[in-house]
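A quick write-up on the structure given underneath.
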Ligand code: UDP
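Residue numbers (this note's numbering): 57 to 452.
This is the structure in structure tokens:
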């Protein structure tokens, strides 16, 4: 089977944690190379950009086609008006190469717009994964800025796609209720986690690998540095935790200068400069040492459609504290594998961090339960479900 995977703004080889590169990029590279081993050939179409120095490493297994579509430096909120050029570029490539596709798999609303145009040209089914949906994000995140077209387009794409993949039942319900899509058209297929890469390692051994002091207590954040992630609340919590030896490690690229400066100012105001380490972005291979060096992981986001970092932390046997929003309740079992924060409550965040820092036995029990739960989200399960869906759509 030959599939055209459309990821307009998300080059899967970009270092995750950097500008506009995160869970979706990781998902696409994992899915594309794992489906390839199952005999499904995937051509990935993404936009030409000038970010060569941010590419993580060579991914020989991935066939990536870069499409010239407008200013390569523009960020994702400005791409919409160049999407017709992207469609044209994909159509030109397929006719030049005499390459046809049996299925289109689109990622994020921008790619959904492209996919519906390609569907009309090629007459093949389209699967869309939105990754985030504007309507849900808006309900939870007061500082949301996005392209005005997005909400309208998400409805059109939902109605015109042959199938929609979501990562949690929360999004499925939203699409059914707000866009009037039949439940049978929406499949909940959560991503997996690479259990060979992310696994428990002795904490002192992990700390030695990254030269972290042995006797400190460490709270870890992993992800893009964006206001949506709610890191300001974590800084406020840290300032009220009265243990001299507690440090916060923030992993993620520093490209969002406005947010980084805002967070650094909060650190100065709260006298936290000595306690917060901005590490920058870290490669997949090194990340496991950070997860394993931490006492706990925190994701205090306003909204997350899933939260891959929680799953990775769980696979390393560490509990997470995260907001009770979006897909996070589908990965954290409250009081068992970590804690979920109702209403993103600061008081509750402080309390839960203190519990995990002070009660080592509880923290280890939760970490073991988290690992066990992560073992049920091995990539094989997701890949099987995707394969079945691809077969169903192409055999019609
Ligand atoms: N990530 C990474 N290096 C970094 C920071 C993040 O590889 O320096 C990865 C992280 O391991 C996770 C992804 O980026 O796989 C972030 O996904 P998540 O779902 O947590 O957040 P999103 O970016 O989708 O909002």
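Just so it is clear, CB atoms sit at the ideal spot from N, CA and C, and this is done for glycine as well.
- Contact between the stretch 241-260 and the stretch 215-225 is present: three or more C-beta pairs spanning the two stretches fall below 8 angstroms.
- Non-local beta-carbon contacts of residue 367 in its own chain, meaning distances under 7 angstroms to residues more than five positions away in sequence, involve 249, 387, 430, 433 in chain order.
- The closest heavy atom of ligand 1 lies 6 angstroms or more from the beta carbon of residue 159.
- CA-CA distance, residue 69 to residue 415, rounds to 40 angstroms.
- Taking non-hydrogen atoms of ligand 1 into account, the C-beta of residue 180 is found less than 6 angstroms away from none of them.
- By the neighbour-count definition (other C-beta atoms within 10 Å, threshold 16), residue 199 is an exposed residue.
- Excluding residues up to 5 positions away in sequence, 91, 96, 97, 98, 99, 157, 158, 159, 160, 161, 446 lie with their Cβ nearer than 8 angstroms to the Cβ of residue 59 in the same chain.
- According to the DSSP assignment, residue 196 belongs to no beta strand (DSSP E) but to the alpha helix (DSSP H) extending over 190-196.
- At the C-beta level, residue 349 and residue 309 stay beyond 7 angstroms of one another.
- Non-local C-beta neighbours of residue 397 in its own chain, meaning closer than 8 angstroms and more than five positions away in sequence, comprise 356, 377, 378, 379, 380, 404, 405, 408, ordered along the chain.
- Rounded to the nearest whole angstrom, the C-alpha separation of residue 290 and residue 237 is 37 angstroms.
- The stretch 174-183 makes no contact with the stretch 73-86, as fewer than three CB pairs between them are under 8 angstroms.
- Proximity to residue 280 across 72, 67, 269 peaks at 72, based on C-alpha coordinates.
- Our two residues, residue 298 and residue 413, have alpha carbons roughly 11 angstroms apart in a direct line.
- Annotation: the continuous alpha helix (DSSP H) that includes residue 263 extends over 259-265.
- Of the heavy atoms belonging to ligand 1, none sits nearer than 6 angstroms to the Cβ of residue 438.
- Of the residues 192, 351, 186, the one whose Cα lies closest to the Cα of residue 258 is 351.
- Excluding five sequence positions before and after residue 393, the CB atoms of its chain that fall closer than 7 angstroms to its own CB belong to 370, 375, 422, 425, 426, 429, given in chain order.
- Rounded to the nearest angstrom, the gap between the Cα atoms of residue 110 and residue 103 is 15 angstroms.
- Within 10 angstroms of the beta-carbon of residue 263 lie 16 or more other beta-carbons, which makes it buried.
- Sorting 74, 65, 345, 401 by C-alpha distance to the C-alpha of residue 311 places 74 at the top.
- For residue 333, the uninterrupted beta strand (DSSP E) segment begins and ends at 332-336.
- Taking the Cα of residue 331 as reference, the smallest distance to any Cα among 293, 360, 346 is reached at 293.
- Distance from the CA atom of residue 277 to the CA atom of residue 151, rounded to whole angstroms, is 45 angstroms.
- In this structure, the CA atom of residue 341 is about 22 angstroms from the CA atom of residue 362.
- Spatial neighbours of residue 89 in its own chain (CB-CB distance under 8 angstroms, excluding positions within 5 residues in sequence) are listed in chain order as 115, 117, 118.
- Residue pairing by DSSP places residue 394 opposite 376, 390 in a beta bridge.
- If you look at residue 89, you'll find it in the alpha helix (DSSP H) that goes 79-93.
- The C-beta separation of residue 164 from residue 65 comes to about 7 angstroms, placing the pair in contact by the 8 angstroms criterion.
- Nearest to residue 399 by C-alpha distance, out of 121, 197, 77, is 197.
- CA-to-CA, the gap between residue 232 and residue 240 works out to about 10 angstroms.
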